[in-house]
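Participant: When we follow our numbering, the leftmost residue of the sequence shown carries the number 29, and every step to the right adds one. All C-beta atoms, glycine included, are put in the ideal place defined by N, C-alpha and C.
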Amino acid sequence: MERRISPGQSLMPKRTLEQWKATRKIAGLVIDSFPSNSAIVDEHGVIRVTNRAWREFARVHNMEHPEAIGMNYLNLADSATGICSEMAREAANGIKEVLKGFSTEVIVDYPCKVADEQRWFRMHATPVKGLGPLRVVISHHEINAETFQEDRIEALEKELKFERANQESVRTALKVLLQRREEERRETEERVLSGIRQALQPHLDKLHNTRLDSDQKRLVSAIQAQLHTLATQFGYNLAAKHLNLTPQEINVANLILDGKATKEIADALNISMNAIEFHRKNIRKKLGIRNKRVSLRCRLLSLEPSCVHQQFNMWKTDRR
29 MERRISPGQS LMPKRTLEQW KATRKIAGLV IDSFPSNSAI VDEHGVIRVT
79 NRAWREFARV HNMEHPEAIG MNYLNLADSA TGICSEMARE AANGIKEVLK
129 GFSTEVIVDY PCKVADEQRW FRMHATPVKG LGPLRVVISH HEINAETFQE
179 DRIEALEKEL KFERANQESV RTALKVLLQR REEERRETEE RVLSGIRQAL
229 QPHLDKLHNT RLDSDQKRLV SAIQAQLHTL ATQFGYNLAA KHLNLTPQEI
279 NVANLILDGK ATKEIADALN ISMNAIEFHR KNIRKKLGIR NKRVSLRCRL
329 LSLEPSCVHQ QFNMWKTDRR
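(1) Kindly indicate which three-state DSSP category residue 108 falls into: helix, strand or coil?
(2) Taking the beta carbon of residue 278 as the centre, do at least 16 other beta carbons fall within 10 Å, making it buried, or is it exposed?
(3) For a quick check, are the C-beta atoms of residue 92 and residue 78 less than 8 angstroms apart?
(4) Could you tell me whether the stretch 102-109 touches the stretch 131-143, where touching means 3 or more Cβ pairs closer than 8 angstroms?
(5) Going by the beta-carbon positions, is the gap between residue 171 and residue 67 smaller than 8 angstroms?
(6) Could I get the ranges of all uninterrupted beta strand (DSSP E) runs contained in the stretch 146-200, with 3 residues as the minimum, in chain order?
(7) Report yes if the C-beta distance between residue 164 and residue 126 is below 8 angstroms; otherwise report no.
(8) Check residue 76 in the structure and name its three-state DSSP category.
(9) Just to confirm before moving on: does the CB-CB distance between residue 285 and residue 296 stay below 8 angstroms?
(10) So, using beta-carbon positions, are residue 228 and residue 248 closer together than 8 angstroms?
(11) So, at 7 angstroms on beta carbons, what are the nonlocal neighbours of residue 233 in its own chain, with the 5 sequence-adjacent residues on each side left out?
(12) Taking the alpha carbon of residue 226 as the reference point, which residue from 240, 102, 83, 252 has its own alpha carbon closest?
(13) Below 8 angstroms on the Cβ atoms is my guess for residue 76 versus residue 97; work out the distance and round it to an integer in Å.
(14) Excluding sequence positions up to five away, which residues of its chain have a Cβ less than 7 angstroms from the Cβ of residue 328?
(15) Rounded to whole angstroms, how far is the Cβ of residue 102 from the Cβ of residue 124, which I believe are closer than 8 angstroms?
(16) Quick one, are the C-beta atoms of residue 301 and residue 309 less than 8 angstroms apart?
(17) Consult DSSP for residue 68 and reduce its assignment to one of helix, strand or coil.
(18) Under the assumption that residue 168 contacts residue 190 (Cβ atoms under 8 angstroms), give the Cβ distance between them as a whole number of angstroms.
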């Protein structure tokens with residue numbers, strides 16, 4: 029025989045229905061103890077239970093439907109207009125995430141004009157189980173503007189700290205990249221210098237040892253000096269990097285690095301020994317070692333410690 033269901037009659041078994049009503053009653057008693065305005069919404073966002081603080085707040089401020097039972101909280105938040113509409117939608121989206129199980133908590137601070145007075149409130153939503161399908165407890169409590177600003181400042185400080193950490197990481201990475209680029213530049217300089225010397229130096233040495241007069245020998249020495257200067261200036265310019273040495277001072281400095289004596293430098297550059305001494309003094313002055321018992325050649329080598337050929341030439345000269 030077909031069972032007829034009268035209007036308003038629940039499809040739940042009698043015992044289950046009684047248990048659900050008892051659980052709902054307990055839930056109502058529990059949230060009544062909350063000092064904040066609180067409500068329980070179902071999986072669709074419909075308000076099922078409100079507490080005493082919620083109802084009292086609504087009555088004091090002459091709000092329609094103070095009980096709010098059966099109203100859809102999510103629809104109300106999504107349809108909000110005015111300056112708080114963005115925060116209302118943020119709250120609705122957060123509650124939806126909780127209902128889907130993607131989040132266990134959502135907190136939104138928002139301003140609200142009550143009785144012509146601007147006030148600040150905090151909405152806090154958390155899931156509650158044991159009432160059948162998943163429910164969410166939503167509570168609203170007032171916070172003053174100072175508290176809100178303090179929280180905002182703390183959040184901004186955390187964000188700033190995070191950004192600084194990111195900037196420091198970027199700075200460190202950039203420093204490493206620049207160091208690597210500098211190493212690659214120096215390696216390239218060494219290869220260029222080595223290539224020039226291997227290709228041209230033997231021929232210049234043979235030419236230098238032939239029967240040349242003094243002027244021709246000085247010319248060959250000058251060519252050797254200029255080739256050395258050209259190779260060294262590739263990617264590493266003493267004039268730019270070290271205290272604005274003049275072109276002639278760079279020539280003198282490079283020949284000093286090669287272990288040449290004052291007379292040899294004078295012959296190579298076809299200028300007097302007094303001029304070489306003048307340039308030596310200027311170089312020492314610009315390097316900050318004037319009137320100091322410091323070898324000019326050692327100081328120049330310290331400016332470019334990676335120049336292996338310079339270290340080798342120094343060792344070779346010392347063995348003579």
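Facilitator: To lay it out plainly:
(1) coil
(2) buried
(3) no
(4) no
(5) no
(6) 163-171
(7) yes
(8) strand
(9) no
(10) no
(11) none
(12) 252
(13) 7 angstroms
(14) 281, 284, 285
(15) 7 angstroms
(16) no
(17) strand
(18) Contact doesn't hold; Cβ gap of about 30 angstroms is too wide.
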